[in-house]
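Residue numbers (numbering that gives the first Met the number 0), protein chains in the order written: chain A, 0 to 744; chain U, 0 to 744.
There are 2 protein chains.
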Amino acid sequence: MRRFQFVFILVLSVSIINAQKIMGFNEANAKLQLDWEKQFDAQLNAKNLDLWMQFLTSHPHHLGSTKGKANADYMANLFRSWGYQTELAEYHVLFPTPKTRVLELLGSKPYKAKLEEPALKEDKTSGQKSEQLPSYNAYSADGDVTAELVFVNRGIPADYDELERMGISVKGKIVIAKYGGSWRGIKPKVAYEHGAIGCIIYSDPEDDGYRAGDVYPEGPYRPKFGVQRGSVMDMPVYPGDPLTPGVGATKDAKRLKREDVVTLMKIPVLPISYEDALPLLQSLSGPVAPAAWRGGLPLTYHVGPSKDKVHLKLEFNWDIKTLYNVIAKLPGTELPDEWIIRGNHHDGWVNGAADPISGMVSEMEEARVIGEMVKKGYKLKRTLVYCAWDGEEQGLLGSTEWAEDHKDELRKKAVAYINTDGNSRGFIGVGGSHTLEPFFNEIADAVMDPQTGVSIKERRYANQMVNGDKATRTRLMGNKNIKLSALGAGSDWSGFLQFLGIASLNLGFGGEGSGGEYHSVYDSYDHFTRFKDPGFQYGIALSKTAGRTMMRLANADVLPIDFTSFYKTVNDYVGELKTLLDNTRTETEQENKMINDKLFDVAKDPKKGFQSPKPKDIVPYLNFSELENKMAELKTNAEEFQKLYANGTQLSAAKQKELNQILFQVERALINDKGLPRRSWYKHQVYAPGFYTGYGVKTLPGIREGIEERNWKEAQDNISVVAMTIEVYTNEVKRATSIVKPKAF
Amino acid sequence: MRRFQFVFILVLSVSIINAQKIMGFNEANAKLQLDWEKQFDAQLNAKNLDLWMQFLTSHPHHLGSTKGKANADYMANLFRSWGYQTELAEYHVLFPTPKTRVLELLGSKPYKAKLEEPALKEDKTSGQKSEQLPSYNAYSADGDVTAELVFVNRGIPADYDELERMGISVKGKIVIAKYGGSWRGIKPKVAYEHGAIGCIIYSDPEDDGYRAGDVYPEGPYRPKFGVQRGSVMDMPVYPGDPLTPGVGATKDAKRLKREDVVTLMKIPVLPISYEDALPLLQSLSGPVAPAAWRGGLPLTYHVGPSKDKVHLKLEFNWDIKTLYNVIAKLPGTELPDEWIIRGNHHDGWVNGAADPISGMVSEMEEARVIGEMVKKGYKLKRTLVYCAWDGEEQGLLGSTEWAEDHKDELRKKAVAYINTDGNSRGFIGVGGSHTLEPFFNEIADAVMDPQTGVSIKERRYANQMVNGDKATRTRLMGNKNIKLSALGAGSDWSGFLQFLGIASLNLGFGGEGSGGEYHSVYDSYDHFTRFKDPGFQYGIALSKTAGRTMMRLANADVLPIDFTSFYKTVNDYVGELKTLLDNTRTETEQENKMINDKLFDVAKDPKKGFQSPKPKDIVPYLNFSELENKMAELKTNAEEFQKLYANGTQLSAAKQKELNQILFQVERALINDKGLPRRSWYKHQVYAPGFYTGYGVKTLPGIREGIEERNWKEAQDNISVVAMTIEVYTNEVKRATSIVKPKAF
């Protein structure tokens, strides 16, 4: 008996190994697919990434530059050579560039900010002065202001609450904020809301300078004159060309007048280095900054105001520039009208090696090998659309204008959008639509980490366990499933996911290639190949990961959609919101009681000017039941569908097509045409960038931001909106189930 | 009816107000006592504190200095003038002072450390060079070493675990550690245990320099050349004169040979300023220091080793010096052999205004007014013993030698020991024996905060609520009871509490007078009166607090001992230990599994040299039942006694005396003559300084350190020891109960 058992187990194991499954593929197609993936891996070549990065980063290649156009042409030609139907998609967008930049400290110890990043002999492209965009924030207002300076930490709303308690106003002042803690555009927006007339943003050495690690060229971190450029457009309202919200910025598009555009900053904004920030911060008197506000400069951080005034003068050329997206299609043989879209931007702020070329060259190599395989007989059911976006840095211009311009076609045809951007050594990071979570986990099992030889999923898990905090360890122990993060803002998925409701993923490796080159002249080939991904091994790993994602989506018999993952995740969000509301209530009650009991008055140091906060309105109980009932219904239906999902691979082609239509259209059900409160461009009811965080995602944003901003009616109304959205979604799930359900007769 | 009710309530309220109770006093005596306390408050005079501080801090007054002896004489004369029987108690103690101090960085960028604190024109005593002790660490070894340098963060055991993971050894190296995170003597001790041959300790500007606030003389924080002097004697083994452990260092005491003394450091140790530390830290290469290790200097913190070597040469005069304690007694009229002891040290490292004179002058004013009141008819039942200790800075020398020298008498007579040390603006802080918790809370209700007019208890509560974290807020909400902290090391209570088992309290205000003058030439009258307690209002508040404590203990009919507070606190400690053991087990299991699963190997960055930790032995389950049963018995008996406690005030004088003897002797029951494992001097089974933390207390230390150091047998053995201790203690509680219990017939 024992011997027999052993043999039986052995046979079973072997047969399991042989019958390797891929989600959405029948057995025969899975085997075929896996064979092609093996060939795909074998043909990827790191030398191509290296050569292309050298070419693409050899000169500054920002939106509107000669080199930017040359790069687009270069890539388009390559795509063509690999068999893609390729075009340049041009749009005409507002892109201000600086004419005047003056920042000076007046008074007894005057200082004129240098606003220049010096060339380094160790970095061969850092000296291309005439082609470089100067350091500035795009979509700052023109302005010439002179005022006292106030330090506002990260410049987010909570910092102004703290300033108020200190009795410090920024009204009529220029503020200086540290980079980080929010999308940079939040800082001048909130400063303006509080009455400031100018905004300076600097890179504190604690964040990505010498306190984070050795500075360039000794190490990867920001040297003292390094500056982070960047857009300060109010993207949480809408991204893309400021003059053409919701429509493509074609030559003859109807354009807003500049003075009517809400996404342009109202005050002048300028980014500076920490060397330029030092004398400004030294000029501040007033209270010592709270402990959490202090950075890594050798001084006592004060809040201000400054004894001496600061003069900030900025003027811009408000030009319309042409951007060039590269759009390369490889048509599907069976389902040419189902599109799997892949994108990475190609424009940089200067030479942009890490951001964005590291991701771009990875996408190109992936496209090249797929193209070559198709030439050798690899069949794609669905159409692949490879894109290289322009004007991402200014506010996702290229991708947004293209998505807006093709919205009708995309609504019909787009199955998914797969995004990448900068890439470096380390661990796989992934965010996106939660219907794709089990699908992506299969891929993460299949791609091996180049440094350790274990799967990228195993390595990510090891990192979370070893470097995570105690709570993370305890939560994850043994659970290697990759939980997708929710997507806010930050790269080119917004037009697809949040405007059109196309299921999206964003992929990239990182964690071992940190540095301080971001948006500076030092984000170069030299920097990248020394510190980020020498040998481009993680570039290849990204090609393998994204390439599999594209090919499996293109060839799945049944699209790999999982409604239970979606249900569980959204249900967790609902739980979070209820907890948030309860905690807000408890904290409000506590704080109001403390105010009434005069605890703030009694606790305060009479030598400091702290004010007691004002009592807040009480937090009502909201009715979540409507949403909870819809979620319960979704749960039942999602579970039923998923139980029957595998049946789909056995259906007829016609039935499969019908089923797949539902499966990729289902994300559209999460779109509400009216959009979110105060920002109708954002239509997705589950994922949006935070109105006051920018990069940071707000899930179920209509409800969440209502609670966070204490707009109880808005929160309650949006519970209904989301409940109705979930109902429509569940109806789609039911329709899908009816197709995969075995008929009784 | 309504009217009647109202009158009734009014009458009741008035009678409650009239019948104000003090714990341990019958009604008549309470009234008398409160009247005297009113007079006491009225006579306290801040000008005295100011004048005495000016005198006592006018020159450096360290152990062995001319000014130290002059101060002792000055105070003795004052105590005599207030009616106290006063003597100077001399002891002869080992006190090394520096002969040679050299610290230099060799190699291509040589630097010779200045090791000098410059005079400031804004500080009139800072330039008394000839009288100042140079900056050094007392009880450092002599030595002349040259080696590479390694940065070890705070230099505690956990830091060496991290160094091991980085693959960095300190064997044969000189280490440089930041001040803070432990008592300073731990740093060279642990460095030596790991094979280092020298130790440098510096004050990082993040901790008490410019990153904490404006530096002296603009603000209170440590200027760039400010140095923290201090002892590095291995006090967690035993404090006091290194040559005479356990006995008074009288002229003819038997002394150890210096080479046999275990509390002297084995390697040379030197404290330096952050200006002197900068070039040393800049010389370090090797891995970038972990984020939590980095400080406020403008450089990238590296772990080392340094490229260039460091030369450290130290020689000391190993002299026996005479110390002078001032001992001033005011004999009790009824119970002269029951002593309430009060102490503050009088020696400073240099001019020592905050540390210790701010507390000393508060004690003096308290003693003066009590003395004057006695002259006017105030009767003290018990004897007050006011002490001014010498040689505290070197290792609690004066208080320890006196306690050891008088151990038999103190064991019989000492009711309690009340300690103070430096004092400043802010909030009452109190630690000590938990039997005294309700007693102290009554006092904290009675003393008003000078800045806000609410009680010091209310203000402390307000501060904890406003500035505490969320968990603290939620825990405390509405509960104003002051929880005494447990006493570890740090000032002169050790000889009384931990060696002899005398119930102790340590009192002081703080939290609004932070600075960086500690143990430097800048701890001066000028600094104190600008930044710490201008006008000495908190000095007076301390006199009120400690004075009440002394007078109530002196005159209580029944000593204000509360066994239920003791029970609850110790029971919480037992719970903590069980949790600690369980958490250690879970963490060990988790980490061992992670090691076996090779997660550390997979997660590590191959470009960095991190080592996987080694698996640890599994954590056994320990038998706590013996102790838990004894605790249960204590609970019942403590509750019974406390129910009957008030009866005590109605007993005959003879019965009261019998009861009081039990009540103050009960703390002796917590003493185990064998002492703690590896340090027999520390005999208290509930409170001890941590063997590897120093200042930081370890409660139930025999068990706790057994668990922390994974010595499971020691932990189990000590559960029995503590259980037996609690049994003996409970028997004393029972004896006390039998006295207050109404007889059945």
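Ideal Cβ positions, reconstructed from N, Cα and C, are used throughout, including at glycine.
Residue span of the alpha helix (DSSP H) that contains residue i, given as start and end
i, result
"residue 736(U)", "711-739"
"residue 159(U)", "156-165"
Cβ pair residue i, residue j closer than 7 Å
i, j, result
"residue 505(A)", "residue 440(A)", "no"
"residue 132(U)", "residue 94(U)", "no"
"residue 419(U)", "residue 358(U)", "yes"
"residue 185(A)", "residue 693(A)", "yes"
"residue 147(A)", "residue 308(A)", "yes"
"residue 344(A)", "residue 391(A)", "yes"
"residue 136(U)", "residue 231(U)", "yes"
"residue 198(U)", "residue 155(U)", "no"
"residue 526(A)", "residue 229(A)", "no"
"residue 495(U)", "residue 422(U)", "no"
"residue 215(A)", "residue 524(A)", "no"
"residue 71(A)", "residue 87(A)", "yes"
"residue 117(A)", "residue 24(A)", "no"
Residue i in three-state terms, based on DSSP
i, result
"residue 450(A)", "coil"
"residue 510(A)", "strand"
"residue 305(U)", "strand"
"residue 113(A)", "coil"
"residue 209(A)", "coil"
"residue 335(A)", "strand"
"residue 401(A)", "helix"
"residue 187(U)", "helix"
"residue 321(U)", "strand"
"residue 742(U)", "coil"
"residue 12(A)", "Below a pLDDT of 50, predicted positions are generally treated as unreliable, and residue 12(A), at 43, falls in that range; the measurement from the model is reported next regardless. Three-state result, residue 12(A): helix."
"residue 612(U)", "coil"
Interface partners of residue i on chain A, CB under 9 Å
i, result
"residue 152(U)", "Going along chain A, no residue has its Cβ under 9 Å from residue 152(U), so there is no contact; the nearest lies around 15 Å."
"residue 511(U)", "604, 605, 606, 607"
Host beta strand (DSSP E) of residue i (start-end)
i, result
"residue 262(A)", "Run containing residue 262(A): none; DSSP gives neither H nor E here."
"residue 200(A)", "197-201"
"residue 247(A)", "Per DSSP, residue 247(A) belongs to no beta strand (DSSP E) and is neither H nor E."
"residue 84(U)", "84-104"
"residue 142(U)", "142-146"
Presumed contact (8 Å Cβ cut-off) between residue i and residue j, rounded CB distance
i, j, result
"residue 491(A)", "residue 395(A)", "6 Å"
"residue 535(A)", "residue 122(A)", "Rounded, the Cβ-Cβ distance is 19 Å, inconsistent with contact."
"residue 430(U)", "residue 462(U)", "Residue 430(U) to residue 462(U), Cβ: 17 Å. No contact."
"residue 681(U)", "residue 634(U)", "That pair is no contact at about 27 Å."
Under 7 Å from the C-beta of residue i: neighbouring residues of chain U
i, result
"residue 599(A)", "465"
"residue 209(A)", "297, 298, 299"
"residue 589(A)", "472, 476"
Contact set between residue i and chain A, taken where Cβ atoms lie within less than 8 Å
i, result
"residue 602(U)", "458, 461, 462, 464, 465, 466"
9 Å Cβ cut-off: residues of chain U touching residue i
i, result
"residue 160(A)", "Within 9 Å Cβ-Cβ: nothing; residue 160(A) doesn't reach chain U, min ~14 Å."
"residue 287(A)", "211, 212, 213, 218"
Proximal residues of chain U, C-beta to C-beta of residue i below 8 Å
i, result
"residue 164(A)", "Residues of chain U passing the Cβ test: none, with the nearest at roughly 10 Å."
Any non-hydrogen atom of the ligand COA within 6 Å of residue i CB
i, result
"residue 414(U)", "In terms of ligand content, the structure shown is empty, and the ligand COA therefore cannot be addressed."
Chain A residues whose Cβ lies nearer than 7 Å to that of residue i
i, result
"residue 451(U)", "601"
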